[in-house]
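Working notes for the structure below.
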Amino acid sequence: MMILFTVLTFIIYRLAKLVYSKFAVAVFHPLLLAPILLILLIKGVNVSANQYLDATKWLTHLLGPATVAFAVPIYKHLPTIKKHMGTIMISITTGTLVAIFSTFALSKMIHLKSDFLTSILPRSITTPIAIEVSKEIGGLPTLTTVFVIITGLMGGVMGPSVIKWLSIKTPIAKGLALGMAAHGAGTNKAMEYGEQEATFSSLAMIFAAWITLLWGVLLIPALIHMKPLF
Amino acid sequence: MKLTVIVLQVLFIHVFLFLGAALKEVIPLPIPGSMFGLILLFLALYFRIVKLEWVEKGAKWLMAELLLFFVPSAVGIVNYDEILSLQGAEIVLLIGISTVIVLGMTALVAERITGRKRGEQH
């Protein structure tokens, strides 16, 4: 089971990536196409989603070492970080605050249930850290994972249009925005722009995670327990 | 050969993941073990305890295939009927709007600061 489903997941993921590189249309995004194909496949052979998840959990586990791996770009780009520390800190602090407040306000507008609300607030950062923040503020980790993925998908798909629309020119702004708004999927997109964009995107992703961890303790609990203003 | 190098390096990166998890047990902060692992690997690289060549290829692979590790969780969405219901459409719309705002604001702030810096140099 484990080997079969891992190999299948890998092949379908590769296939989706190939399709997306040929036709860069949103519906073919690997994070949309691959899961849809896999859902159809497991339904077809009568395997439950939980059985599939159990067989492929070590793939999800690789998010852990993948987070650790981000030490490498930080180390390699230390001079760049030092040079642009101010820009990175100001942009990402703004980004994390905008992410939390806009998500909170919109969630209130659609009257989201409280466990959904706490699960959706950390959605703009990379999964392993989002799960941690979610647990800290009383959310459901699996639900958070889903919201993080939808976020990545949205950012990866709409990111280039927003960048074009706002006529963002500098690689630093493009990279920071993609990494801040769409974590890993954004960084994946940033790689298509170039080395510099990819670097700033991975830095944005890491800084966003750190700063959001801080907000998870300092800001979000107060926000959730705040009395309604209207 | 290339695959062997990647596998070995990914396994080596796990050492830092486990060290990070151990550190988390000692330090009572709401920081995940993988984040401690990141800091430890960075320090090891910085103080030349670990050479860049020992981890570079494995790390590059892990970061390049990041989307793959999300795929099983994305399949798990089927377990949440609510996501697929009407509220689901609202949630997706919410995330879409918020993501565009976050992306736009971050890009504008970063572009503004970079532009100003460039202006000062002239």
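The listed protein sequences correspond, in order, to chains A and B.
Sequence positions in the first sequence follow this note's numbering and run -14 to 215.
Sequence positions in the second sequence follow this note's numbering and run 15 to 136.
Just so it is clear, CB atoms sit at the ideal spot from N, CA and C, and this is done for glycine as well.
Neighbours of B/V114 in chain A, taken as residues whose beta carbon is under 7 Å from its own, are M143 and V147 in chain order. Boundaries cannot be given for A/F13, as no alpha helix (DSSP H) includes it and DSSP labels it neither H nor E. A distance below 8 Å separates the beta carbons of A/L16 and B/F84. The Cβ of A/G29 sits no closer than 8 Å to any Cβ of chain B. In the three-state reduction of the DSSP assignment, A/E182 falls in the helix class, which pools H, G and I. The alpha-carbon of B/G110 is positioned some 10 Å away from that of B/A103.
DSSP places A/S109 in the coil class of the three-state scheme, outside both helix and strand. Contact check for A/F86 against A/S104 fails: the beta carbons are separated by 8 Å or more. Collapsing the DSSP output to three states places B/R126 in a helix. Per DSSP, the unbroken alpha helix (DSSP H) holding B/E70 starts and ends at L66 to A78. Within chain A, the residues placing a beta-carbon under 9 Å from that of B/L59 are A56, V57, I59, Y60 and K61, ordered along the chain.
Using beta-carbon distances, A/F13 does not count as an interface residue toward chain B, since no partner is under 8 Å. Every alpha helix (DSSP H) of 4 residues or more that sits fully in the region 123 to 198 of chain A is shown, in chain order, as 126 to 150 and 156 to 178. Using a CB distance below 8 Å, the part of the region 24 to 46 of chain B facing chain A consists of V24, I27, H28, F30, L31, G34, P44, I45 and P46, ordered along the chain.
Around the Cβ of A/H168, a 10 Å sphere holds 16 or more other Cβ atoms; the residue is buried. Distance from the CA atom of B/I53 to the CA atom of A/I191, rounded to whole angstroms, is 11 Å. DSSP places B/N93 within a helical segment (H, G or I) once states are collapsed to three.
In the structure shown, A/N31 falls within a coil segment according to DSSP collapsed to helix, strand and coil. Contact between the region 147 to 156 of chain A and the region 113 to 120 of chain B is present: three or more C-beta pairs spanning the two stretches fall below 8 Å. A distance below 6 Å between beta-carbons, with the five flanking residues on each side excluded, links A/G160 to the following residues of its chain, in chain order: A175, E182, F185 and S186. In this structure, A/V53 sits near B/G34, with a CB-CB distance shorter than 8 Å.
For the region 80 to 105 of chain A, the set of residues with a beta-carbon nearer than 7 Å to any beta-carbon of chain B comprises G80, V83, A84, S87, T88, L91, S92 and I95, in chain order.
Contact between B/V19 and A/V57 fails: their C-beta atoms lie close to 15 Å from each other, not under 8 Å.
Annotation for A/K67: the continuous alpha helix (DSSP H) segment containing it runs L63 to K68.
Non-local C-beta neighbours of A/H62 in its own chain, meaning closer than 6 Å and more than five positions away in sequence, comprise T184, ordered along the chain. DSSP places A/P50 in the helix class (H, G or I) of the three-state scheme. Contact between A/I75 and B/I127 is confirmed by a C-beta separation of about 6 Å, below the 8 Å threshold.
The C-beta distance from B/M77 to A/A166 rounds to 18 Å, too long to meet the 8 Å contact threshold.
Using a CB distance cut-off of 8 Å, A/E117 counts as an interface residue toward chain B. Around B/L122, the beta-carbon contacts reaching into chain A at under 7 Å are L151. In the displayed model, B/F30 falls within a helix according to three-state DSSP. In this structure, the beta-carbon distance from A/L48 to A/P113 falls below 8 Å.
Chain-ordered listing is empty here: chain A has no CB closer than 9 Å to the CB of B/L100, the nearest sitting near 10 Å.
Put simply, the CB of B/T18 is far from chain A, with every gap to its CB atoms at 8 Å or more. In this chain, the alpha helix (DSSP H) harbouring B/F56 covers G47 to Y60.
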